[in-house]
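Visitor: Protein chains in written order, with the numbering used here: chain A, 32 to 540; chain B, -7 to 418.
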């Protein structure tokens, strides 16, 4: 086969040629299923811009993005931080930004990595399919930017900033963790429409029908108070873990535009939630895909040895795992671990050992590695993927070690290493570290005193003894107070016993 | 597949975010600018120096989990440990260094730099300059369009008719465009031949007329290749030079605040002059009871003791003008900052130096009387100072003298109002 390109300079013609060759392998041989890619060439300055807006092409304005930009720019100029070769957006068409500084080999690598690897993952992983709307996201971002700009014009930058500050602080509590309700049928939709209409005719907010501080029984008479409680109840469903949603729907003090802004922030947090749960898999998938494609291009003589060596250099720089004692160690490298597991799946499918047969009876020796991988990419998230696919060979290769940390012990105790007794224990502990449900604090709205002083009570249920960070607790709670408009408090309780922890209540009146 | 080249897209997409950040950091930014002003020379006021601004106190708090309690974790790269071994925790906290760092205050503090424009914005904001003035001063270079030959493309109003017609004439001559008279003659001859019944000649003439007409159409009167437009280039405003005399009283009564005001006052004038003149010289003269020409560091840095004799500084300025800045080659600007003290006996000499020499020679003489912030114990400032009274007597509409008293940076601009008004901005 003729070479696709030579040398390091890229041109649009070369990009197109390389892309076509990559597409043939990715779609024809690896069987990937992607959104049509849209490749945009940008400068390093524009890459910094993209960093600042959390990788999104369009975003509303806020000082925190300016801060991020200033920080990244400072780090970049001083040489402390390099820039990513690409940024890819979960959208349809799938937008990939590639930098003009990249060499031709890097461009090919980046096309395979982002435009095919990540793209396939976005389109097929169940979390993205269920929670994100790739087709609508760009339009929604445009809407969000215009809406916020419009609010700034009407209500002033400062007023908008106040809401955004508060909403950003509660972003992590603006996520639905469980499946949406199933889509309604047309009949249900019509019934709902009717119901909504009748509701609109008699609309009243129970929060506003009492004056704080007065006894509702006296105010309304005993009978009315009972009715209020009854009718108020179905509107406010408790407990509610989506704090932003709760405030958007129920806060007694917010204006319509403020609620809409909360909604915008909430939607974006939700859009990014799958990415947080699949970091390891997503990067692993993209790394596996680029490695596979570039190797095949080289095997066929479509890229020369020099380019392939340049590729390998970049690849190993990304997918290496320093030991924990190494000064470069900064946690488990998702590229390295994801890639290693996926390569291991490939090996188990095509050349299994006896051990593999015992560990992975379902697919050991199946011969079709891509089918197994595609299934894994589609149906798992990091935690379940590790539990299912992390095998003894990768644990050995990484020489993993499981340690126990107790606050009252001045040492870590080694509880498992990479031996027959240790594999499963290491796998379980590692998977737990990737479980967002455990790493995020478990917060919800526990109760709200509608008839009294409208106090909002949040609850933090502790699975272990890891309390909320007191340094930021009060500051963040102040934002809740501002959005709710009435006193708020945070209770920290033990999840198992339901008991309140010592000095576990923080109040803001 | 779709490749899009975005490299030409407008830059500064996150500029509005940056403006919001600066607004948020207002206190720090102002402090940084004040520090930077103190540290730079008057001539460096609009130099491309970075102004570091520390980012702090604008953390983004969230509900996050604090120090970890009992938990298990996995590390890669085990070389020597087996089950049951104990590894001492790293110094400075439980839970492993990385986790400890993550659950820290979380407020990432760093330093970023202001650009030249942002620096000038804040500088101007303190001075409370009118918008038009700000724009003038920020323009990197003023220029004027000037003629620069001809071009084949341009806008209709730049069409050069004479040059176009001349080109047309040359072309018509070279390509032998038939003249109207030639054609008329032939037509006449043909008509005559027809009338005479000389059919052969008439036919020959008809063919000639046809050939002539074809040629006439093929070589038009004006062709697009003839058209010429006037070309303009933007050239910097003509070279002129100015010298700026900075006069300051450095006797003990001038404190740091007053000197800061004086410095901003000199900086503003310098900015204005560099926009107008190609070359600006700057002379620093400090005085107590005697005057001295000094460099800038000594000018702002040193503190002298002694009485105050203003005329000594004026005389020094006059002497330097005579020696180095002939009036026919230099525009002269004088900026004087003082707290107003002067010997009463010196008044007549001051008046004389001003009226006899300085005022006729100067383009502009700006006097800024700097003062402590009001509310301080300075009762004697309520009535005019000695120097102020001396200058006040000289004020006339046709005299280029401006007086102003300032206790804060915002009041400085007043002394230049007339100067800028003359420039067409008010």
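Positions of the beta carbon are idealized from the N, C-alpha and C atoms, including for glycine.
#1: Could you tell me which chain B residues have their CB closer than 7 angstroms to the CB of residue 355/A, listed as they occur along the chain?
#2: Please identify, using Cβ separations under 9 angstroms, the residues of the stretch 43 to 65 of chain B that lie next to chain A, in order along the chain.
#3: Which residue marks the beginning of the alpha helix (DSSP H) containing residue 80/B, and which one marks its end?
#4: Of all Cβ atoms in chain B, is any one closer than 8 angstroms to the Cβ of residue 453/A?
#5: If you drop the 5 nearest sequence neighbours on each side, which residues of the same chain put their C-beta closer than 8 angstroms to that of residue 530/A?
#6: Taking its Cβ as the centre, do 16 or more other Cβ atoms sit within 10 Å of residue 203/B, making it buried, or is it exposed?
#7: Near residue 89/B, which residues of its chain fall below 6 angstroms by C-beta distance, leaving aside the five closest residues on each side in sequence?
#8: If the cut is a Cβ gap below 9 angstroms, which residues of chain B does residue 445/A touch?
#9: Quick one: Cα of residue 281/B to Cα of residue 355/B, how far?
#10: Which residues, taken in chain order from the stretch 6 to 30 of chain B, show a beta carbon closer than 9 angstroms to some beta carbon of chain A?
#11: The stretch 453 to 468 of chain A: which residues have C-beta closer than 8 angstroms to a C-beta of chain B, in chain order?
#12: Taking CB distances under 8 angstroms as the criterion, tell me whether residue 538/A reaches chain B.
#13: Confirm, please, whether the CB-CB distance from residue 60/B to residue 497/A is below 8 angstroms.
#14: Going by CA-CA distance only, name the one from 230/A, 306/A, 86/A and 134/A that's closest to residue 156/A.
#15: Could you tell me the distance, in whole angstroms, from the CA atom of residue 434/A to the CA atom of residue 86/A?
#16: Could you pull out every residue in the same chain whose Cβ sits closer than 7 angstroms to the Cβ of residue 292/B, ignoring the five residues on either side in sequence?
#17: Could you check the C-alpha separation between residue 329/A and residue 12/B for me, to the nearest Å?
#18: I'd like to check one pair, residue 332/B with residue 303/B: are the Cβ atoms closer than 8 angstroms?
#19: Chain B partners of residue 514/A, CB-CB under 7 angstroms?
#20: Taking C-beta to C-beta, are residue 521/A and residue 493/A nearer than 8 angstroms?
#21: Compute the Euclidean distance between the alpha carbons of residue 393/A and residue 54/A, then round it to the nearest angstrom.
#22: So for residue 141/B, helix, strand or coil by DSSP?
#23: Against chain B, does residue 335/A count as a neighbour if the rule is that its beta carbon must be under 8 angstroms from one of theirs?
#24: What separation, rounded to the nearest whole angstrom, lies between the Cα atoms of residue 40/A and residue 337/A?
#25: Could you check how far apart the C-beta atoms of residue 120/A and residue 70/A are, in whole angstroms? I think they sit under 8 angstroms.
#26: In whole angstroms, what is the alpha-carbon distance linking residue 289/B and residue 246/B?
#27: Go through its chain and collect everything with a Cβ distance to residue 240/B's Cβ below 6 angstroms, but skip five positions before and after it.
#28: Are the C-beta of residue 171/B and some C-beta of chain A separated by less than 8 angstroms?
#29: Considering only their Cβ atoms, is the gap separating residue 273/B from residue 301/B smaller than 8 angstroms?
#30: Give me, in chain order, the residues of the same chain whose beta-carbon lies closer than 8 angstroms to that of residue 173/A; leave out the 5 immediate sequence neighbours on both sides.
#31: Rank 421/A, 98/A and 278/A by C-alpha distance to the C-alpha of residue 488/A and give the top, closest one.
#32: Rounded to a whole number of angstroms, what is the C-alpha to C-alpha distance between residue 154/A and residue 66/A?
#33: Which residues in chain B have a C-beta closer than 7 angstroms to the C-beta of residue 93/A? List them in chain order.
#34: Determine the direct distance from the alpha carbon of residue 82/A to that of residue 333/A, and round the result to whole angstroms.
#35: Considering only residues of the stretch 269 to 300 of chain A, which uninterrupted alpha helix (DSSP H) runs meet the minimum length of 4 residues and lie entirely inside it, listed in chain order?
#36: Could you work out which residue in 538/A, 149/A, 132/A and 33/A is closest to residue 598/A when comparing CA atoms only?
Guide: Judging by the given coordinates:
#1: 67, 68 and 69
#2: 45, 47, 50, 51, 52, 53, 54, 55, 56, 57, 58, 59, 60, 61, 62, 63, 64 and 65
#3: Run containing residue 80/B: none in the alpha helix (DSSP H); it sits in the beta strand (DSSP E), 78 to 80.
#4: yes
#5: 524
#6: exposed
#7: Residue confidence for residue 89/B is low, a pLDDT of 39 falling below 50, so the modelled location carries little weight and cannot support an answer.
#8: 70, 73, 74, 75, 76, 77, 78 and 79
#9: 27 angstroms
#10: 6, 7, 8, 9, 10, 11, 12, 13, 14, 15, 16 and 17
#11: 453, 457, 460, 461, 463 and 464
#12: no
#13: yes
#14: 306/A
#15: 36 angstroms
#16: 251 and 255
#17: 49 angstroms
#18: no
#19: Those within 7 angstroms of residue 514/A in chain B number zero; the least Cβ separation is about 14 angstroms.
#20: no
#21: 30 angstroms
#22: strand
#23: no
#24: 13 angstroms
#25: In fact, because the Cβ distance is near 12 angstroms, the residues do not count as touching under 8 angstroms.
#26: 16 angstroms
#27: 254, 278 and 329
#28: no
#29: no
#30: 89
#31: 278/A
#32: 7 angstroms
#33: 9 and 12
#34: 33 angstroms
#35: 274 to 281
#36: Residue numbering for chain A in the displayed model covers 32 to 540; residue 598/A lies beyond these limits and cannot be assessed.
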